[in-house]
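J.: What follows is a structure written as structure tokens; I'll ask about it next.
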């Protein structure tokens, strides 16, 4: 199909939903996308979405992509991948089919531009170094392709993307040294930041990155606190040992094609930068051109889908004459529900510039202070902010949970009705619901768990508080496995005084006890990691790890260390520098030297 | 250095059969379903080329927006490694700046 009625640029959530909406009304739809996988940024979203059950709440992003693509194809939408829009001209859209390497033209009746957004890049010393990525790039590589571009990460920015990518890096087996944010408060949802903090990852507010260290690639980063003018206080700067830096400092709408189409563009910082002017139906100032998704305001995939549906319904109404008002109004109600909360205040303000108004409020803002009793197992919800999400309410089989007012309200538990079944804790996208039972001097805590390895019953694990501080050990008494949705519940028994503090478990690492160096207690893993970080010489390893610097003088560990170096670098031991054999080669007491005598 | 994930708490598996390709004349193995960028990073290669001024250049956005991942594929310069699926036998080279002119 070269000349569809409805031409859509971008097979992400907005484009797919617009295509579905129009194609299900009989409109011919072609969606083109530059990538070779449909779904836009959904395939890399491994977390469960917020929202409500009717709109993909608690479904993981990659599953949403599958469902949308399936529905679009069923409706007859054609999706052409590896196809780039070179430009939108006065008389046609010029496209480049990258598989065939040829250019073709399309002349549709309606166009939707759903090109999304790109990641912001910020200046700091050495910021061109290899190993500095947009946070979304790292998310794409690890979740969509299963490759991890580094081992030790610094994340700049504590918005939802920074927080989510931080957590997902840990899920993929990487280490996150810190998340820094120049602002004085966390930008993203508190349920996300709490997940990060429970892992013991520091979120350093009023901090910024000053420079990246390294010549060929990142070897570290210098961070510093900032003063009230947001200038770094260099006297308090410090170095972090990282091999990768993720910039999660915001997105900017990809507005180029909309501008080429002749649609008016305005600079509206509250919406993310340059934004096409549009009406509530997503129609730009050119009546045949529409926009939806991040191009029209930097938000999230749920709002992108709703905007896509609205645009698609309007296009269907334009082209078929069918009255779509009821469907549009339903979708507008969905958007209204998502945009009522405090996190949407900027979007509401920005859309006001176009004369589009969304109401706010109408939800409960108080957290529940009276909880329990916990004489039997009960749910304890730690979700203190007004975010648009209610799967806890709709999943509860006894209707014991209510988010007050609308989607954005803070959930409260009716403890008489709660049976302690744990369904809410497994379904909560924010991993913010814990199961608690107090009996005598013990308490049982059920913790949502999405990491590897999953502990088994009777395993001994470390237990941590809300900031990731290890309080001690505890025994796992039960694991509720959820093979399908992948959020498991791990129940541990702890002393009663920890009942209100334990919120995380950590499985002790097995390899940690694989020692090479007896004197300084250096493990195989530590040596391998140091080699990966670029310490590729015995002397360097010695200085970095203290391996061989203990009283044995390297007799125990030198050969083994060289063996690890040799196999990692694929260089025969004979060709490696063995390092200095420094005297004294035994623990010679200073006393004996002092008492020493010479020939004279 | 293999940087491919071996296990994951949420995702089951990635990619398909092994594909042979070359980077700077070195024979490497990627997976069907990889982008060229993913296959290079899976092989521990994170610098894909140089800027016009000779600074090593890595990828920044991985979704086709920043053009920092441009490589030469089978003699054709300016191919965005993040948007191009890996294919059996591809010969990939790094490029400096916008690539060398072919004339």
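Protein chains in written order, with the working numbering: chain A, -12 to 587; chain B, 102 to 204.
A virtual CB, placed ideally from N, CA and C, is assigned to each residue, including glycine.
Since this is a predicted model, take the numbers as computed values, not measurements.
Counting only Cβ-Cβ distances shorter than 7 Å, please list the residues of the segment 129 to 156 of chain B near chain A, keeping chain order.
T.: Residues 135, 136, 139, 142, 143, 147, 148 and 156.
J.: Listing by chain order, which chain A residues have their CB less than 8 Å from the CB of residue 111(B)?
T.: Counted from its first residue, the second chain places residue 111(B) at position 10. Under the 8 Å cutoff, chain A gives 33, 47, 158, 437 and 473.
J.: Per DSSP, which one or two residues make a beta bridge with residue 625(A)?
T.: Lying before the first or after the last residue shown, residue 625(A) is absent from chain A, which here runs from -12 to 587.
J.: Residue 405(A) to residue 31(A), Cα distance in whole Å?
T.: Taking the first chain and counting its residues from 1, one reaches residue 405(A) at position 418. Taking the first chain and counting its residues from 1, one reaches residue 31(A) at position 44. Taking the straight line from one Cα to the other gives about 35 Å.
J.: Just checking residue 327(A) against the ligand GTP - is the residue's beta carbon closer than 8 Å to any of the ligand's heavy atoms?
T.: This structure lacks the ligand GTP, and indeed carries no ligand of any kind.
J.: Please classify residue 352(A): does DSSP put it in a helix, a strand, or coil?
T.: Numbered from its first residue, the first chain carries residue 352(A) at position 365. If DSSP states are grouped into helix, strand and coil, residue 352(A) belongs with coil.
J.: Should residue 115(A) be flagged as near chain B, meaning a C-beta pair shorter than 9 Å?
T.: By one-based count along the first chain, residue 115(A) stands at place 128. At least one chain B Cβ lies under 9 Å of residue 115(A).
J.: Does any C-beta atom of chain A lie closer than 9 Å to the C-beta of residue 114(B)?
T.: As a first step, residue 114(B) is located in the second chain; it is residue number 13 there, counting from the start. Output row for residue 114(B): interface = yes.
J.: Put residue 408(A) into one of helix, strand or coil per three-state DSSP.
T.: Residue mapping note: residue 408(A) aligns to position 421 of the first chain, counting from 1. It is coil, neither helix nor strand.
J.: Note down the Cα distance separating residue -6(A) from residue 153(B), rounded to an integer number of angstroms.
T.: The residue given as residue -6(A) occupies position 7 in the first chain. The residue given as residue 153(B) occupies position 52 in the second chain. Cα to Cα, the separation comes out at about 37 Å.
J.: Could one say the Cβ of residue 316(A) lies closer than 9 Å to chain B's Cβ atoms, at least one of them?
T.: Here the question's residue 316(A) lines up with position 329 in the first chain. By this cut-off, residue 316(A) is not an interface position.
J.: Note down, in chain order, each residue of its chain lying with its Cβ closer than 8 Å to the Cβ of residue 24(A), except the 5 sequence neighbours on either side.
T.: Against the first chain, residue 24(A) aligns to sequence position 37. Result list for residue 24(A): 30, 68 and 131, in chain order.
J.: Is it right to say residue 86(A) is buried, meaning 16 or more other beta carbons lie within 10 angstroms of its own, or is it exposed?
T.: Within the first chain, the letter at position 99 stands for residue 86(A). The residue in question, residue 86(A), is exposed, as its Cβ has fewer than 16 Cβ neighbours within 10 Å.
J.: Can you find the residues in the same chain that come closer than 7 Å, C-beta to C-beta, to residue 146(B), ignoring five residues on each side of it along the sequence?
T.: Indexing the second chain from 1 puts residue 146(B) at position 45. Excluding sequence neighbours, residue 146(B) sits near 124.
J.: How is the alpha helix (DSSP H) around residue 323(A) delimited, first residue to last?
T.: Here residue 323(A) refers to the residue found at position 336 of the first chain. Per DSSP, residue 323(A) belongs to the alpha helix (DSSP H) from 312 to 325.
J.: Spell out whether any CB of chain A is found under 9 Å from the CB atom of residue 161(B).
T.: For the purposes of this step, residue 161(B) is taken as residue 60 along the second chain, with counting starting at 1. Yes, because at least one Cβ of chain A sits closer than 9 Å to the Cβ of residue 161(B).
J.: Under the assumption that residue 284(A) contacts residue 252(A) (Cβ atoms under 8 Å), give the Cβ distance between them as a whole number of angstroms.
T.: Taking the first chain and counting its residues from 1, the one referred to as residue 284(A) is at position 297. Taking the first chain and counting its residues from 1, the one referred to as residue 252(A) is at position 265. Rounded, the Cβ-Cβ distance is 13 Å, inconsistent with contact.
J.: In terms of residue numbering, what span does the beta strand (DSSP E) encompassing residue 51(A) cover?
T.: Mapped onto the first chain, residue 51(A) falls at position 64. Per DSSP, residue 51(A) belongs to no beta strand (DSSP E); it is in the alpha helix (DSSP H), 48 to 61.
J.: Taking residue 165(B) as the query, report the chain A residues whose CB atoms sit under 7 Å from its CB, ordered along the chain.
T.: Along the second chain, read from residue 1 onward, the residue named residue 165(B) stands at position 64. Neighbours of residue 165(B) on chain A, chain order: 21 and 22.
J.: Have a look at 582(A), -10(A), 62(A) and 34(A) and flag the residue whose alpha-carbon is nearest the alpha-carbon of residue 3(A).
T.: The sequence position of residue 3(A) within the first chain is 16, counting from 1. Nearest of 582(A), -10(A), 62(A) and 34(A) to residue 3(A), Cα basis: 62(A).
J.: At what residue ranges does the segment 211 to 256 of chain A contain a whole run of the beta strand (DSSP E), taking only runs of 3 or more?
T.: The qualifying runs are 225 to 227, 231 to 234, 238 to 240 and 252 to 255.
J.: What do you get for residue 377(A), buried or exposed, if any count of 16 or more other CB atoms within 10 angstroms of its CB means buried?
T.: Here residue 377(A) refers to the residue found at position 390 of the first chain. Counting Cβ neighbours within 10 Å, residue 377(A) comes out buried, since at least 16 surround it.
J.: In whole angstroms, what separates the C-alpha of residue 509(A) from that of residue 534(A)?
T.: Taking the first chain and counting its residues from 1, the one referred to as residue 509(A) is at position 522. Taking the first chain and counting its residues from 1, the one referred to as residue 534(A) is at position 547. Residue 509(A) and residue 534(A): Cα-Cα distance of roughly 7 Å.
J.: In chain A, which residues lie less than 9 Å from residue 184(B) when you measure between Cβ atoms?
T.: Here residue 184(B) corresponds to residue number 83 of the second chain, with the count starting at 1. Result: 21, 22, 23, 69, 71 and 85.
J.: Starting from residue 460(A), find everything on chain B with Cβ-Cβ shorter than 8 Å and list it in chain order.
T.: Reading the first chain from its first residue, position 473 is the one you call residue 460(A). Ordered by position in chain B, no residue passes the 8 Å Cβ test against residue 460(A), which lies about 22 Å from the chain.
J.: What does DSSP give as the partner residues of residue 452(A) in its beta bridges?
T.: Your numbering for residue 452(A) matches position 465 in the first chain. DSSP lists no partner for residue 452(A).
J.: Would you kindly report the start and end of the unbroken alpha helix (DSSP H) that includes residue 164(A)?
T.: Counting from one through the first chain, the residue named residue 164(A) turns up at place 177. Here residue 164(A) belongs to no alpha helix (DSSP H); instead the beta strand (DSSP E) covers 162 to 168.
J.: So within the segment 78 to 155 of chain A, which uninterrupted alpha helix (DSSP H) runs reach at least 4 residues, ignoring any that extend past its ends?
T.: Complete alpha helix (DSSP H) runs here, min 4: 122 to 126.
J.: Quick one: give me the first and last residue of the alpha helix (DSSP H) that residue 334(A) is part of.
T.: If you number the first chain from 1, residue 334(A) lands on position 347. That run of the alpha helix (DSSP H) goes 332 to 339.
J.: Quick check: is the beta carbon of residue 106(B) nearer than 9 Å to any beta carbon in chain A?
T.: The residue given as residue 106(B) occupies position 5 in the second chain. By this cut-off, residue 106(B) is an interface position.
J.: Is residue 515(A) helix, strand or coil when you go by DSSP?
T.: For the purposes of this step, residue 515(A) is identified with residue 528 of the first chain, where counting begins at 1. Three-state result, residue 515(A): helix.
J.: What does the Cβ neighbour count give for residue 122(B), buried or exposed, with the cut at 16 atoms within 10 Å?
T.: Stepping through the second chain from its first residue, residue 122(B) is reached at position 21. So residue 122(B) counts as buried.
J.: Is there a C-beta anywhere in chain A that falls below 9 Å from the one on residue 192(B)?
T.: Residue numbering aside, residue 192(B) sits at position 91 when the second chain is read from its first letter. Judged by the 9 Å Cβ criterion, residue 192(B) is not in contact with chain A.
J.: Which same chain residues end up closer than 8 Å to residue 248(A) when comparing Cβ atoms and leaving out the 5 residues on each side of it in sequence?
T.: Stepping through the first chain from its first residue, residue 248(A) is reached at position 261. Result list for residue 248(A): 75, 98, 100, 271, 273 and 276, in chain order.
J.: Strictly below 7 Å CB to CB, what residues from chain B border residue 127(A)?
T.: Residue numbering aside, residue 127(A) sits at position 140 when the first chain is read from its first letter. Those within 7 Å of residue 127(A) in chain B are 163 and 164.
J.: For residue 601(A), which residues of its own chain have a beta-carbon under 6 Å away from its beta-carbon, when the five flanking residues on both sides are left out?
T.: This structure cannot settle anything about residue 601(A), because the visible part of chain A is limited to -12 through 587.
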